[in-house]
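Some notes on the structure that comes next.
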Amino acid sequence: MNKTNEQTKILIVDDSPVNIDFLVELLEDYDARTVIDGFTALEVTRNELPDLILLDITMPGLNGYETCRRLKAKPETRDIPVIFLSASNDPQSIVKGFEAGGIDYITKPYNTKEVLARIQTHLKLKFALEKLKHLSDYDELTGALKRKKFMENAQGWLVRAQKINQPLHLFIISIDNIKDINAQYGFSVGDEVIKAVVVVAKKVLTSDYSIARFIGGEFILLFKDLSKEESIRQAELLRNAIGRLRFKKLPELNFTISMGMAESNKDDISADDIIKRANASMGL
């Protein structure tokens with residue numbers, strides 16, 4: 000989650016050439032981009048999300064307060080920290096900035112060290128929060144989604160699938176004899192076997208998919224926009240690749256997976272309904 004300064008994108012929104020020149024020079028170690036009005040800032044963030052926004056308040060067309068409100072109203076941009084820049088230092092203006100969704104408020108004339116310190120602090124906080132969110136959503140061992148996050152995502156995918164009449168295809172994947180592998184080789188080797196499922200999936204699956212680790216050596220693999228036949232073909236690619244996998248330090252160790260598959264339908268209320276049917280078909 001942490002980025003180097005060169006990788007960190009900062010969007011400067013200010014219509015003053017003097018202020019822009021000052022900020023660009025101050026942020027020369029960062030990937031800084033400038034725009035001169037709120038409408039352009041909103042357009043830019045549709046295509047590329049900055050890590051932080053420095054936002055002037057008094058601008059033609061759309062002022063900083065309204066620009067910030069619109070950024071915070073969109074799921075894609077609501078978590079981008081916005082620091083207001085203004086010559087107005089009265090309490091009413093400052094409070095208005097925080098009410099609009101700003102995370103900080105810096106008054107002009109600028110103190111160079113203060114501006115840089117505030118920017119660095121808010122970037123550190125942003126990256127720390129992103130790391131926490133990643134840890135809450137993704138399995139630490141494999142990098143696959145955790146069950147809770149998968150179920151949240153799957154609900155939206157199911158609604159979309161029912162709306163466009165394009166079924167989801169969901170596979171339960173279970174590592175055969177994972178308990179025996181743990182007992183014979185130890186849990187560290189068992190962990191490598193579990194990680195291998197996700198590693199191999201990334202290498203061999205050629206279509207868009209989502210994979211989640213549910214518990215132990217059990218995974219859910221879901222295809223959103225494939226036919227039933229192509230989904231099965233993709234899953235078989237994974238199973239065959241895993242069957243051929245060998246570990247350099249333990250060449251005698253190989254493992255297989257069992258799978259069950261189910262297709263969503265218009266009567267499904269949640270992903271649990273599909274999972275139950277996939278479980279019932281284990282041994283595919």
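Position one of the sequence shown corresponds to residue 0 (numbering that gives the first Met the number 0), numbered consecutively onward.
Even for Gly, the Cβ is constructed at its ideal location relative to N, Cα and C.
DSSP three-state assignment for residue i, whether helix, strand or coil
i	result
Thr106	strand
Gly100	coil
Asp55	strand
Asp30	strand
Gly259	strand
Ser187	helix
Ser280	coil
Leu25	helix
Lys2	coil
Leu10	strand
Ile268	coil
Ile172	strand
Lys35	Checking the sequence, you will find Ile at residue 35 rather than Lys. Here Ile35 sits in coil by DSSP.
Ile82	strand
Leu70	helix
Arg77	coil
Leu167	coil
Top-ranked residue by Cα proximity to residue i, from the options
i	options	result
Ile11	Pro250, Asp190, Asn4 and Pro49	Pro49
Asp290	Gly259, Met258, Arg276 and Leu22	Examination of residue 290 is not possible in this model, given that the chain is present from 0 through 283 alone.
Phe38	Pro108, Asn88, Glu65 and Asp30	Glu65
Gly259	Pro59, Ile174 and Lys71	Ile174
Lys145	Thr57, Glu5, Ser263 and Ser209	Ser209
Gly100	Thr141, Pro16, Lys73 and Met150	Lys73
Asn164	Asn278, Ala182, Lys123 and Ser263	Ser263
Phe97	Leu84, Ile9 and Tyr109	Leu84
Thr57	Ser87, Lys112, Leu252 and Ala40	Ser87
Gln154	Val199, Arg117 and Ile268	Ile268
Ile231	Lys147, Ser135, Glu251 and His168	His168
Asn46	Ile256, Arg238 and Glu75	Glu75
Lys107	Leu22, Leu220 and Leu236	Leu22
Inter-residue spacing [alpha-carbon to alpha-carbon] between residue i and residue j
i	j	result
Lys178	Phe254	12 angstroms
Ile19	Thr120	21 angstroms
Lys132	Asp138	11 angstroms
Gly63	Leu244	56 angstroms
Val158	Ile79	28 angstroms
Arg77	Asp271	30 angstroms
Asn152	Glu5	32 angstroms
Ile289	Ile214	Look at the range of the chain in this structure, 0 to 283, and you will see that residue 289 is not part of it.
Ser187	Ile180	10 angstroms
Thr111	Leu26	10 angstroms
Ser280	Phe149	21 angstroms
Leu61	Pro16	18 angstroms
Glu228	Val199	21 angstroms
Ile105	Leu53	10 angstroms
Arg68	Asp30	24 angstroms
Glu42	Val34	10 angstroms
Leu220	Pro250	27 angstroms
Ser226	Ala234	12 angstroms
Whole-Å CB distance - residue i paired with residue j, under 8 angstroms assumed
i	j	result
Asp207	Asp190	No, Asp207 and Asp190 are not in contact; Cβ-Cβ is about 27 angstroms, not under 8 angstroms.
Val196	Phe170	Contact flag wrong, Cβ pair sits at about 12 angstroms.
Lys194	Leu140	6 angstroms
Ala240	Val203	5 angstroms
Leu51	Lys125	7 angstroms
Asp36	Pro59	6 angstroms
Interface flag, residue i vs chain C, CB-CB below 8 angstroms
i	result
Ala127	Here there is only one protein chain, and chain C is not present.
>> As an exercise, report each continuous beta strand (DSSP E) stretch of at least 3 residues that is fully enclosed by the stretch 114-149, in chain order.
In response: none
> Which parts of the stretch 174-260 are runs of the alpha helix (DSSP H), unbroken and 4 residues or longer, counting only runs that do not cross its ends?
Replying inline: The alpha helix (DSSP H) runs lying completely inside the stretch 174-260 and spanning 4 residues or more are 177-184, 186-203 and 227-243, given in chain order.
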